[in-house]
Every structure is written in C-alpha cells, then in structure tokens.
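Peer 1: Note that the protein sequences, when read in sequence, are chains A and B. For the first sequence, the working numbering begins at 18 and goes up steadily by one. For the second sequence, the working numbering begins at 196 and goes up steadily by one. All C-beta atoms in this analysis are idealised placements derived from N, C-alpha and C, irrespective of residue type, glycine included.
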Amino acid sequence: MADTTAMAMQGPSGPKPKRAISARNIVLYGFLIVAALYWLLPLYVMIVTSLKGLPEVRMGNIFSPPMELTFEPWVKAWDSACTGLYCEGLKVGFWNSVQILIPSTIISIVIASVNGYALSFWRFKGSEIFFTILLFGAFIPYQVMLYPLVIILRELHLFSSLSGVVLIHTIFGMPILTLLFRNYFAGVPDELFKAARVDGAGFWRIFFQIMLPMSLPIFVVAIILQVTGIWNDFLFGIIYAGTTNFPMTVQLNNIVNSTQGVKEYNVNMAATLLTGALPLIVYFVSGKLFVRGIAAGAVKG
Amino acid sequence: MTGTLSFIRNIEQKTWWKRRPKILRNLSAKIAALPMIAVALVGFVGCSVWSIVYSFTSSKSLPKENFVGFKQYDRLFDSSRWQVSVENVAIYGVCSLVFSLTIGFLLAVALDQKIRFENTFRTIFLYPFALSFIVTGLVWQWLLNADFGIAQVIRDIGFTNFELSILSSREYAIYAIIIAGLWQGTGFVMALMLAGLRGIDQDIWKASRVDGIPAWRTYIFIVIPMMKPVFITTLVIIASGIVKVFDLVVALTAGGPGGSSELPAKYVYDFMFGRANLGQALAASTIMLTTVLIILIPWAYLEFSQKKEESNG
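In structure tokens:
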C-alpha cells in the first residue's frame, strides 16, 4: 500500500513515450518493407517455381503458389538433369565441391593462422613487405594470374585435378585470411606473449598452447568466410578442375544454360536452390559472425 | 661445482645463440611464413610479371617468346568487342557504385533508427551476398524471362501488350546485369555502412539535438563527412569487385545478345581458353591490372600516410 502511494507520488518517469504510428514511422517502415519484399522476391520465386510441374510453370504466374505440389524437379535436379554431355544431375558436382571445399578450407586456415601469428608476434626483417605484397594480391584481378598458374599446376602435375583447385583456393584465400588472423592476434596483449617467452615457450608451443585455445571465434569466422567463398567459386573450378571434376556452380551453369532440349524452368530453379543451399544455411545459422567475417578485412584493413 | 659448470654452459649457449647467423634467427617464424612469401613472390608478383611480359608476344595457344612490341595492345584497342566490354564495365561500374552506395547508405540509416525487427531486416538485405554469382544470375534470368517471368505477370494484370525484352536487347542487357548485381551486393554495402554509423560517437547526436539541427542535416553535414574513411574503403572494395565481374555475366547473359553485354574479365577468359589467343588475352588482363593499380595506389598511399600521422601524433 505504502509502495503504491510512493510510486503515484513520483509519477511516471523516463521520456515521453513516442506514438507507434507517426508519419516518420510510416515512411521508415514503408521503405524497409518495400525493400525487404524486393530482396525476398527472388528467393520466393525460386522456391515456388521449383515446386511446380512444368505445365503449370508455363501456364501460370511466377508469383502464384503451386496448385499441385511436386518434388519431382528436386529429384531430377539432383539425380538426372542434363548438362549437355551427361545426365547425372547435380550430385556429381556436389561431391566434387565437397572434395574441394574440405581440404581447401582446412589447409588455407592452418597456413593463414600460423602466418598471422608469426606476423603479429615474430616479425622479422621483410615480413611486413611480404605482407603488403600479399594484400595487394587480394586486389589484383585474377585474370592476370590465371595462365601462369595453369603452367605452374601443369608442371606440378596438378592441372585438371581436384588437388589443383585446392591449391588455387589456398593461394587466393591467403591474403584475406592472413589479414584476419594478423588483426586478431594484434589485439592479444603483448604481456601474455612475453610471459610465455620468459617461461621458455617457443614459437610453436606458444601458438598451440596459448594462442589457439583463445582464438576459437576467429577460426569460426575464417571457416564461414572460406566455406561460402570456396563453395560459390566458379572461375577457378571451370579452369583448373577439368571436366570430370567440375564443382557444383559450374555444373549448375551447364545444366541451366545448356542449349539442348526443352528448358525445364522448375528443374533449373530446384538446381539453383540446391547449389545455394549450403551458403544460405551457413549464413542463416551463423548470423552476426558472417557479417563480422565479411567486414573483418574491409573495415579494419 | 656442477652449478658453476651448468652456469658456464649456459653462457656458452647464450653466446652461441648470439653468434648464430642472421638468417637463422627467428627461424620458426620464417619457416611458418614461407607459404606466404612463396604466394606473394611466386604467385602474385611472379605471375603478374609473367603475364605482363608475355602480353608483348604473339603467343597463340601456347606461350612463345616472339616479342612484337605493342601490337597486341593496338589490336586490343581496335577490337570492337573490347570497346564494348570497356563501355559496359564503365556503365556497370558507375551504376553499381552510385546505386549500391546510395541504397546501401539509406538502408543502413533506416536500420540505425532503433527500429523493431532490425535483425530480421538486416538478414533479409544481406542474404544474397552469401550466394554465388551463378545462382544470382540464374534467378534473375528466370525473373526477367520474356515469356514466363515478371513480364507475364504484368500482362496478366491487363497490360496485354507489355514486353520485357531486357535480356534479349542489345542495348539493355547490361542493365539486367546491374539489377542482379545490385540485388546481390547492396546488402554488403549496407553492412559496412551500418558498422560505420555505429562507430559514430553518440555525443554528436546529443549535441546536434541540443542545437536543434534536424536529423537529415546532421547526416549530410556531420555524419557523412565523419564516415569518409568507411566510404573510401567501401568504394575501393566495390571498385575492385567491379573489375572482376565474370560469373554473373556468364550465368545471366553469357555476354549476349551478340556480345553486347561482354565485360573485360570475360574477354580475357574467352581469348585465353576459348579462342587460344593468349597474347591478346594477356594484353587485356594487363590493362585490367593497370586500371586496378590506378585506383589502388592512391588509396594505399592515403591509408598509409594517415596511419603514419596517427602513430606520430
């Protein structure tokens, strides 16, 4: 009882509440909702189209939901869609992409993390110069380096093989990943490193016992960055993998843009969704970490 | 006794350490940095130099050392296909820079108004960035399909004569690529801008409110100038991305109709692997490299001199 009187005496506190519906809010939310619809539309159309039968696709409106739900296009896209030469569907490309993705991600991150660590704590004469060259490499158009790398891979007997593509991804992933790890380790207090040095720990011991356990988040960011980047690659796959090893993106393009036969738009959209599925899942699951990944090199750099 | 011995041995070790040749000092770090050094020198510098050198040869399907001076460059600038490519990349570049920066900034400002569902909106605007350019290109190819795409919907509404031939039009095909590119990339610009806006000191806002300055004026005259570094970095990232655009054209128009939506990156690819005209492809790629360096070097210089000032001050 006494409490309520005390509160009534004080009256409401804080700023005057804003009205929910004001001209400003209508403009603001209107703009955001229109924009959101524009951004969602393609995804929606992809999903609806992939669930329709071909006659319905040809008859109807691309925005209308399927009258007869069918998963046939998905099965066909995965199992038996034709690229012009073979009719094995996307599954071949999927497994190729997996075989490229896993080693490329692991190798590039292992190398870049050690590199970033060496660049922040164990600088030697010239290390900064090499790093600057490496960063410039991130901006050089790939076209300049495509052919010499063909020659190098041929000399190493890796041209037209999955290992060749893995090597290429490791090379081109290095600038951004090294930058990512270097910036992260630069934020680790120097005292920690010095204390470990005084205790007699060397290069590798400090890395494995001190730096690794505390840098788990940045490894997650690096994995997100590499998984989406490598999965989405088209250029390196089409040049260095060889026809039997084409990754999923290349196969997808071959299926959809093949000039032979009837255009099966529903199968095409199912195939497109299948190819986009992995990066989309990574994106929706990882949320803010994804943003951190793509912004890491950009804003801090 | 043993204590003294070990002490002496210690000193010996110390001096041995000191006398180690320079190159062996910090050896583990150098070994760890070997991949980086190899990639920087062999991969980036070596390959670029190789391409520049061989752009002065008449190499066809295989590299040959018969130097012909600037002949490949003459042929390149005379080629109508290259001229179209350069023109297209200019249109694409200007449009995507202007629109992605404007829309991206507006979206970021809208998201920064302490709105509800901020995370949902941000997720929606950014998801295309996770997708491959191939996926983006194919979706838009379907949406812009003249027979069954958006065009048909508009015809169904009642505009029976409506035609959307953007993909089969020599003049407008490049704009289809721009639309698709903006759909994919604007969210990224928004994310960078939002990070920039969040980095602005909140006291600025309090001060401008006390002075009675309307929000839009605060944005234009105070916030945007403060965000200059973010704008410049974003600009450099978009610009270096524009030069590289390749997959999107391959998926959306394949350079067509009739080569009207070709871009330099595709020109290089086609001459290198399709037409077996290596010298020509390398000349084109060297021009691309030069363009990027013209953008990049002033920026790097600017960034570097700023950092130097900061560390001095």
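How many whole angstroms separate the CB atoms of L326 of chain B and P296 of chain A, which I take to be in contact at a CB cut-off of 8 Å?
Peer 2: Rounded, the Cβ-Cβ distance is 6 Å, consistent with contact.
Peer 1: Show which residues of chain B have a CB atom less than 8 Å away from the CB atom of T245 of chain A.
Peer 2: A325, listed in chain order.
Peer 1: With a threshold of 8 Å between beta carbons, is W221 of chain A in contact with chain B?
Peer 2: Yes - at least one Cβ of chain B is within 8 Å of the one on W221 of chain A.
Peer 1: Given a threshold of 16 other Cβ atoms within 10 Å of its Cβ, counted over all protein chains shown, does A19 of chain A qualify as buried or as exposed?
Peer 2: Low per-residue confidence applies at A19 of chain A: pLDDT is 47, beneath 50, and the placement is therefore not dependable, though the value from the model is reported in the following sentence. With fewer than 16 Cβ atoms within 10 Å of its Cβ, A19 of chain A is classed as exposed.
Peer 1: So, with DSSP's three-state summary, where would you put F239 of chain B?
Peer 2: Three-state result, F239 of chain B: helix.
Peer 1: Below 8 Å on the Cβ atoms is my contact criterion, and I expect L166 of chain A with F441 of chain B to pass it. Report the Cβ-Cβ distance as a whole number of Å.
Peer 2: With a Cβ gap of about 16 Å, L166 of chain A and F441 of chain B do not count as contacting.
Peer 1: Looking at C-beta atoms only, is the number of pairs between the stretch 184-199 of chain A and the stretch 228-243 of chain A that lie closer than 8 Å three or more?
Peer 2: Yes, the stretch 184-199 of chain A is in contact with the stretch 228-243 of chain A.
Peer 1: What residues match up with T252 of chain B in a beta bridge as DSSP calls it?
Peer 2: Answer is B:F262, bridged to T252 of chain B.
Peer 1: Less than 8 Å between CB atoms is the rule here; does Y268 of chain B satisfy it with respect to chain A?
Peer 2: Not closer than 8 Å to any Cβ of chain A, the Cβ of Y268 of chain B fails to qualify, so no.
Peer 1: Whole angstroms are fine: how far does the CA of F312 of chain B sit from the CA of V463 of chain B?
Peer 2: Those two C-alpha atoms are separated by around 45 Å.
Peer 1: On the three-pair Cβ rule with 8 Å, is the stretch 416-434 of chain B touching the stretch 388-402 of chain B?
Peer 2: With a cut-off of 8 Å, the stretch 388-402 of chain B and the stretch 416-434 of chain B count as touching, because enough Cβ pairs lie within range.
Peer 1: Please name the residue, chosen from A:N274, A:I79 and A:L194, that lies closest to A346 of chain B on a Cα-to-Cα basis.
Peer 2: Per the Cα distances, A:I79.
Peer 1: Taking Cβ-Cβ distances shorter than 9 Å, what residues in chain A pair up with V293 of chain B?
Peer 2: Simply none; closest approach about 17 Å.
Peer 1: Using a C-beta to C-beta distance shorter than 7 Å, which residues of chain A count as neighbours of A465 of chain B?
Peer 2: The residue you asked about is not Ala; residue 465 of chain B is Asp in the sequence shown. In chain order: nothing, as chain A lies at least about 11 Å away.
Peer 1: Quick check: is the beta carbon of S144 of chain A nearer than 8 Å to any beta carbon in chain B?
Peer 2: Yes, S144 of chain A lies at the interface with chain B (some Cβ there is under 8 Å from its Cβ).
Peer 1: What is the rounded straight-line gap between the Cα of V205 of chain A and the Cα of S455 of chain B?
Peer 2: Going by the C-alpha atoms only, they are around 52 Å apart.
Peer 1: Is it buried or exposed for W496 of chain B, if we count other Cβ within 10 angstroms and need 16 for buried?
Peer 2: One detail in the question is off: residue 496 of chain B reads as Tyr in this sequence, not Trp. So Y496 of chain B ends up on the exposed side.
Peer 1: Closer than 8 Å, CB to CB, is W400 of chain B near chain A or not?
Peer 2: Not an interface residue.
Peer 1: Measure the alpha-carbon distance for N285 of chain A versus K255 of chain B and round it to whole angstroms.
Peer 2: The straight-line gap from Cα to Cα measures roughly 37 Å.
Peer 1: Determine which residues of the stretch 337-363 of chain B have a Cβ less than 9 Å from any Cβ of chain A, and write them out in chain order.
Peer 2: So the close ones are W337, L338, N340, D342, F343, G344, I345, Q347, V348 and D351.
Peer 1: Spell out whether any CB of chain A is found under 8 Å from the CB atom of Q397 of chain B.
Peer 2: Chain A contact via Cβ: absent.
Peer 1: Let me check understanding here. Comparing Cα to Cα, which of A:A212, A:Q160 and A:F202 lies closest to A478 of chain B?
Peer 2: Among A:A212, A:Q160 and A:F202, the Cα nearest to that of A478 of chain B belongs to A:Q160.
Peer 1: How about I157 of chain A and S403 of chain B: do their beta carbons lie closer than 8 Å?
Peer 2: No. Outside cutoff.
Peer 1: Taking C-beta pairs closer than 8 Å, name the residues in chain A that W277 of chain B reaches, listed in chain order.
Peer 2: In chain order: nothing, as chain A lies at least about 13 Å away.
Peer 1: How many angstroms separate the CA atom of F499 of chain B from the CA atom of S177 of chain A?
Peer 2: Taking the straight line joining both Cα atoms gives about 41 Å.
Peer 1: Using 10 angstroms around the beta-carbon of T481 of chain B, count the other beta-carbons present and answer buried if the total reaches 16, otherwise exposed.
Peer 2: Flag for T481 of chain B reads buried.
Peer 1: DSSP three-state label for L422 of chain B, please.
Peer 2: According to the sequence displayed, residue 422 of chain B carries Met and not Leu. DSSP places M422 of chain B in coil when its eight states are reduced to three.
Peer 1: In the DSSP assignment, find the unbroken alpha helix (DSSP H) run with W139 of chain A in it and report its ends.
Peer 2: W139 of chain A -> no alpha helix (DSSP H), and no H or E assigned at all.
Peer 1: Check whether the Cβ atoms of M265 of chain A and F111 of chain A sit closer than 8 Å, and answer yes or no.
Peer 2: Yes, they are a contact pair.
Peer 1: Closest by CA to M63 of chain A, which one among A:P90, A:S39, A:L45 and A:V279?
Peer 2: Among A:P90, A:S39, A:L45 and A:V279, the Cα nearest to that of M63 of chain A is on A:P90.
Peer 1: Are F300 of chain B and W56 of chain A close, meaning C-beta to C-beta below 8 Å?
Peer 2: Cβ distance not < 8 Å, so F300 of chain B and W56 of chain A don't count as in contact.
Peer 1: Specify, as a first and last residue, the run of the alpha helix (DSSP H) that Y55 of chain A falls within.
Peer 2: Y55 of chain A -> alpha helix (DSSP H) spans A40 to S67.
Peer 1: To the nearest angstrom, report how far apart I298 of chain A and T252 of chain B are at their CA atoms.
Peer 2: Approximately 47 Å, taken between the alpha carbons.
Peer 1: Taking the C-alpha atoms as reference points, what is the distance between L359 of chain B and T187 of chain A?
Peer 2: About 43 Å.
Peer 1: Which chain A residues sit within Cβ distance under 8 Å of V487 of chain B?
Peer 2: Under the 8 Å cutoff, chain A gives F156, I157 and P158.
Peer 1: Under 8 Å between C-beta atoms, does M228 of chain A make it to chain B?
Peer 2: For M228 of chain A, the answer is no, since every Cβ of chain B falls outside 8 Å of its Cβ.
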